[in-house]
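Take a look at the structure set out below.
Number of protein chains: 2
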Amino acid sequence: MSILPSFSIAAPHEMPAKGSIALVGAGPGAADLLTLRAAARLRTADVIFYDRLVDPEVLAMAGATTELVFVGKEVGAHSWPQEQINAVIVAAALRGQNVVRLKSGDPGIFGRAAEELEAARMHGIEVEIVPGVTAAMAAAAHAGMPLTTRGETDALVLATGHAREGDPMPDCARHAKPGVTLALYMAVGQSARITTSLLETGMPEDAPLTIAVEVSKAGERMITGRLVDLPALLVQHKVKGCAAIITSWPKMAEPGVALEATAKALA
Amino acid sequence: MSILPSFSIAAPHEMPAKGSIALVGAGPGAADLLTLRAAARLRTADVIFYDRLVDPEVLAMAGATTELVFVGKEVGAHSWPQEQINAVIVAAALRGQNVVRLKSGDPGIFGRAAEELEAARMHGIEVEIVPGVTAAMAAAAHAGMPLTTRGETDALVLATGHAREGDPMPDCARHAKPGVTLALYMAVGQSARITTSLLETGMPEDAPLTIAVEVSKAGERMITGRLVDLPALLVQHKVKGCAAIITSWPKMAEPGVALEATAKALA
Numbered sequence: 116m117s118i119l120p121s122f123s124i125a126a127p128h129e130m131p132a133k134g135s136i137a138l139v140g141a142g143p144g145a146a147d148l149l150t151l152r153a154a155a156r157l158r159t160a161d162v163i164f165y166d167r168l169v170d171p172e173v174l175a176m177a178g179a180t181t182e183l184v185f186v187g188k189e190v191g192a193h194s195w196p197q198e199q200i201n202a203v204i205v206a207a208a209l210r211g212q213n214v215v216r217l218k219s220g221d222p223g224i225f226g227r228a229a230e231e232l233e234a235a236r237m238h239g240i241e242v243e244i245v246p247g248v249t250a251a252m253a254a255a256a257h258a259g260m261p262l263t264t265r266g267e268t269d270a271l272v273l274a275t276g277h278a279r280e281g282d283p284m285p286d287c288a289r290h291a292k293p294g295v296t297l298a299l300y301m302a303v304g305q306s307a308r309i310t311t312s313l314l315e316t317g318m319p320e321d322a323p324l325t326i327a328v329e330v331s332k333a334g335e336r337m338i339t340g341r342l343v344d345l346p347a348l349l350v351q352h353k354v355k356g357c358a359a360i361i362t363s364w365p366k367m368a369e370p371g372v373a374l375e376a377t378a379k380a381l382a
Numbered sequence: 116m117s118i119l120p121s122f123s124i125a126a127p128h129e130m131p132a133k134g135s136i137a138l139v140g141a142g143p144g145a146a147d148l149l150t151l152r153a154a155a156r157l158r159t160a161d162v163i164f165y166d167r168l169v170d171p172e173v174l175a176m177a178g179a180t181t182e183l184v185f186v187g188k189e190v191g192a193h194s195w196p197q198e199q200i201n202a203v204i205v206a207a208a209l210r211g212q213n214v215v216r217l218k219s220g221d222p223g224i225f226g227r228a229a230e231e232l233e234a235a236r237m238h239g240i241e242v243e244i245v246p247g248v249t250a251a252m253a254a255a256a257h258a259g260m261p262l263t264t265r266g267e268t269d270a271l272v273l274a275t276g277h278a279r280e281g282d283p284m285p286d287c288a289r290h291a292k293p294g295v296t297l298a299l300y301m302a303v304g305q306s307a308r309i310t311t312s313l314l315e316t317g318m319p320e321d322a323p324l325t326i327a328v329e330v331s332k333a334g335e336r337m338i339t340g341r342l343v344d345l346p347a348l349l350v351q352h353k354v355k356g357c358a359a360i361i362t363s364w365p366k367m368a369e370p371g372v373a374l375e376a377t378a379k380a381l382a
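Residue numbers (our numbering), protein chains in the order written: chain A, 116 to 382; chain B, 116 to 382.
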């Protein structure tokens, strides 16, 4: 394939035994939020491809001879295209290496795992996913709050505020309804539009809001407030990069229920 | 409080220093899917309250002097009421113990965390949540599939098929729409009703379906098929207890898009 970096392909009888690829969830950032299985994969990997500025303690879990390859965005440079990442992990596994592709959070959630899985399988490479703690769960844990609360919310929606170039922006608001907790990823840049459309669906202005910035990392901040104030809070607290936005629409705020409660109170 | 088990309350000046409570996510079952932080809390706990038949390897991570207390359902007996669990964890912390309340999956998701948090805070006890890998993520990882796929799904909904006694059954189908992956917890008993209502919302009969039974535990099974066959598959494979049901409605199955594609193909 032309997207593979150049390396000589040996004749079949000279090919090394195929290695393997593990898509490993690194969790939200803190080294101790990796799973034991993820830590074990880091220890035994021949090579680890990582792209975020992960906690140095995470990379320190690698084995003594493990090669560490940064495939992310250098300051002032573009990040690697996904196709190029697919190509280098496949090439390493075809050379016989046990490859770890370290991914933020859980590899299955907004993680481009489908493309890496497909690339591996197309080449007959054994591939494993090691799940991880996703940002919403870590954010709620750090904020000391549950994501679902019996009698108030019975569903959690993880949605993204980000679309690939040329695609329409995802409409997060279509998931909002009484009984739902919304956890929005990559939504900081779209917060004004999202807030407006959430309120238009009928979400209460004072729906509880948590903005979890750099969850479990050195710069962690938890900002709480009301949904209506989301855009202003992001400006006020200078939130730019990586944040999970969590807001919930409790069932008790359902108009029908509220009306009934009011009727009872007035009776 | 009358719900507290009887123990003598010392005068304030004789009270022991308060302990703490950690609500710790045990992950889906396998011991190596705990986070490093969860493992550390098990090691240093004075007492661990657990309720599911967790992997014995998980409990083996406890410290040498850690007390292990089962607060779950014995064969043929009822499980502990939530109020009683709240009471015993609070009582232990008030006695000065560092308490771990070990919970399946992630404590914040369908885990009754709100009630335990409230009980702890009402007594001024320091409380921490340690996040964990929730069943849907482990199930998808074990099935080797992502939960969101760029261009097909941009939201993941975790919903429950179970309601408390007297409450109306949750309507999982209201979350189904093109672009959504649904992960249903505690839905096995309601599968016929749920399948019917999902199909009524317009979900394709052949929407991809994964039934993850006893994820990461000894009896793990992955059953795949089509949404329309969910009830039959549960019968055929004798699935009764703990299973996560994952199905997705890819955007490309949206009628408008399908029509457009067909029109192009015919042109």
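No residue lacks a Cβ here, since even glycine has one placed at the ideal position from N, Cα and C.
>> Under 8 Å: do the stretch 355–364 of chain B and the stretch 292–309 of chain B share three or more Cβ pairs, one atom per stretch?
In response: When C-beta atoms of the stretch 355–364 of chain B are compared with those of the stretch 292–309 of chain B, three or more pairs fall below 8 Å, so the two segments count as touching.
> Is the Cβ-Cβ distance between L342(A) and A322(A) less than 8 Å?
Replying inline: By one-based count along the first sequence, residue 342(A) stands at place 227. By one-based count along the first sequence, residue 322(A) stands at place 207. Going by C-beta atoms, L342(A) is nearer than 8 Å to A322(A).
>> Please confirm whether I383(B) has its beta-carbon closer than 8 Å to some beta-carbon of chain A.
In response: Outside the displayed range of chain B (116 to 382) lies residue 383(B), so it cannot be described from this structure.
>> Contact criterion: CB-CB distance below 8 Å. Does T275(A) meet it with respect to chain B?
In response: Against the first sequence, residue 275(A) aligns to sequence position 160. Yes, because at least one Cβ of chain B sits closer than 8 Å to the Cβ of T275(A).
> Going along the chain, which residues of the stretch 199–233 of chain A sit with their C-beta nearer than 8 Å to a C-beta in chain B?
Replying inline: Of all residues in the stretch 199–233 of chain A, D221, P222, G223, I224, F225, G226, R227, A228, A229, E230, L232 have a Cβ within less than 8 Å of some Cβ in chain B.
>> Quick check on DSSP: helix, strand or coil for K379(A)?
In response: Numbered from 1 along the first sequence, position 264 holds the residue referred to as residue 379(A). Its pLDDT being 48, under 50, K379(A) is placed unreliably in this model, and the coordinates cannot settle the point.
>> Checking the sheet assignment: what are the DSSP bridge partners for A137(B)?
In response: Here residue 137(B) refers to the residue found at position 22 when the second sequence is read from its first residue. Secondary-structure assignment with DSSP links A137(B) through a beta bridge to V215(B), E243(B).
> Are the C-beta of R167(A) and some C-beta of chain B separated by less than 8 Å?
Replying inline: Here residue 167(A) corresponds to residue number 52 of the first sequence, with the count starting at 1. So, not an interface residue.
> Residues in its own chain within less than 6 Å of D366(B) by CB, not counting five upstream and five downstream?
Replying inline: Reading the second sequence from its first residue, position 251 is the one you call residue 366(B). Before going on, a small fix: residue 366(B) reads as Lys here, not Asp. Result list for K366(B): E267, P293, G294, in chain order.
> Just to confirm, does K188(B) get its C-beta within under 7 Å of one of the non-hydrogen atoms of the ligand NAD?
Replying inline: What this structure holds is no ligand at all, so the ligand NAD is not there to describe.
> Which ranges would you report for the alpha helix (DSSP H) in the stretch 304–371 of chain A if only whole runs of at least 4 residues count?
Replying inline: Uninterrupted alpha helix (DSSP H) stretches at least 4 residues long and entirely within the stretch 304–371 of chain A occur at 306–315, 345–351, given in chain order.
> Y165(B): which of T150(B), G226(B), A179(B) sits nearest, CA to CA?
Replying inline: If you number the second sequence from 1, residue 165(B) lands on position 50. Among T150(B), G226(B), A179(B), the Cα nearest to that of Y165(B) belongs to G226(B).
>> According to DSSP, is E233(A) part of a helix, a strand, or is it coil?
In response: Stepping through the first sequence from its first residue, residue 233(A) is reached at position 118. Three-state result, E233(A): helix.
>> Strictly below 8 Å CB to CB, what residues from chain A border G247(B)?
In response: Your numbering for residue 247(B) matches position 132 in the second sequence. Simply V248, M252.
>> I believe G211(A) touches K133(A) by the beta-carbon criterion, under 8 Å. Please report the beta-carbon distance rounded to the nearest angstrom.
In response: Position 96 of the first sequence holds residue 211(A). Position 18 of the first sequence holds residue 133(A). Sure, about 7 Å apart at Cβ, within 8 Å.
>> Would you say P196(B) lies against chain A (beta-carbon separation less than 8 Å)?
In response: For the purposes of this step, residue 196(B) is identified with residue 81 of the second sequence, where counting begins at 1. Not an interface residue.
> Along chain B, which residues have their Cβ under 7 Å away from the Cβ of A154(A)?
Replying inline: Here residue 154(A) refers to the residue found at position 39 of the first sequence. Contact annotation for A154(A) against chain B: L151 [CB-CB distance below 7 Å, chain order].
> How about H290(A): is its C-beta nearer than 8 Å to some C-beta of chain B?
Replying inline: Numbered from 1 along the first sequence, position 175 holds the residue referred to as residue 290(A). Yes - at least one Cβ of chain B is within 8 Å of the one on H290(A).
>> Check this for me: beta carbons of A387(A) and I163(A), under 8 Å apart or not?
In response: This structure does not reach residue 387(A), given that chain A is present from 116 up to 382, and the question cannot be answered.
> What is the rounded straight-line gap between the Cα of A333(A) and the Cα of V184(A)?
Replying inline: Counting from one through the first sequence, the residue named residue 333(A) turns up at place 218. Counting from one through the first sequence, the residue named residue 184(A) turns up at place 69. In a straight line, the C-alpha of A333(A) is about 23 Å away from that of V184(A).
>> Could you check whether the Cβ of V328(A) sits closer than 8 Å to any Cβ belonging to chain B?
In response: Position 213 of the first sequence, counting from 1, holds the residue named residue 328(A). So, not an interface residue.
> Which of the residues in the stretch 132–149 of chain B, read from start to end, lie with their CB under 9 Å from any CB of chain A?
Replying inline: L138, G140, G142, P143, A145, A146, D147, L148, L149: these are the residues of the stretch 132–149 of chain B whose beta carbon lies less than 9 Å from some beta carbon of chain A, given in chain order.
> Mind checking if R265(A) is an interface residue toward chain B, Cβ cutoff 8 Å exclusive?
Replying inline: As a working mapping, residue 265(A) is identified with position 150 in the first sequence. Taking a beta-carbon distance threshold of 8 Å, R265(A) counts as an interface residue toward chain B.
> For chain A, is any of its Cβ atoms less than 8 Å away from the one on A175(B)?
Replying inline: As a first step, residue 175(B) must be located in the second sequence, where it is residue number 60. Put simply, the CB of A175(B) is far from chain A, with every gap to its CB atoms at 8 Å or more.
>> For S135(B), which residues in the same chain have their Cβ closer than 8 Å to its Cβ, ignoring the five residues on either side in sequence?
In response: For the purposes of this step, residue 135(B) is taken as the residue at position 20 of the second sequence. A208, N213, V214, I240, E241, V242, E243.
> If we call anything under 8 Å between Cβ atoms a contact, is L217(A) one with A251(A)?
Replying inline: Along the first sequence, read from residue 1 onward, the residue named residue 217(A) stands at position 102. Along the first sequence, read from residue 1 onward, the residue named residue 251(A) stands at position 136. Taking 8 Å as the Cβ cut-off, L217(A) and A251(A) do not qualify as a contacting pair.
> With which residues is G187(A) paired in a DSSP beta bridge?
Replying inline: Translated into positions along the first sequence, residue 187(A) becomes position 72. Bridge partners of G187(A): none, in fact.
> Based on Cα-Cα distance, which residue from M337(A), K355(A), C287(A) lies nearest to V303(A)?
Replying inline: For the purposes of this step, residue 303(A) is taken as residue 188 along the first sequence, with counting starting at 1. Checking every option, the nearest Cα to that of V303(A) belongs to K355(A).
> Looking at the structure shown, is V272(B) part of a helix, part of a strand, or coil, going by DSSP?
Replying inline: Within the second sequence, residue 272(B) is the residue found at index 157, counting from 1. It is a strand residue.
>> Under 8 Å, Cβ to Cβ, is there at least one residue of chain A near A333(B)?
In response: Position 218 of the second sequence, counted from the start, is the residue given in the question as residue 333(B). No, its Cβ sits nowhere closer than 8 Å to a Cβ of chain A.
>> Helix, strand or coil for I200(A)? Go by DSSP, reduced to three states.
In response: Translated into the one-based positions of the first sequence, residue 200(A) becomes position 85. Helix, per DSSP.
> Applying the criterion that 16 or more other CB atoms from any shown protein chain within 10 Å of the CB defines a buried residue, is P222(A) buried or exposed?
Replying inline: The sequence position of residue 222(A) within the first sequence is 107, counting from 1. That one is buried.
> Within this structure, are the beta carbons of H238(A) and V186(A) separated by less than 8 Å?
Replying inline: As a working mapping, residue 238(A) is identified with position 123 in the first sequence. As a working mapping, residue 186(A) is identified with position 71 in the first sequence. No; because the gap between Cβ atoms is not below 8 Å, this pair is not in contact.
>> Once the 5 residues before and after N201(A) are set aside, which same chain residues still bring their CB inside 7 Å of it?
In response: Here residue 201(A) refers to the residue found at position 86 when the first sequence is read from its first residue. Excluding residues within five positions, the ones whose Cβ falls inside 7 Å are E230, E231, A234.
>> When you compare the CB of D170(B) with every CB in chain A, is at least one pair closer than 8 Å?
In response: To locate residue 170(B), count along the second sequence from 1; it is residue 55. No, no contact with chain A.
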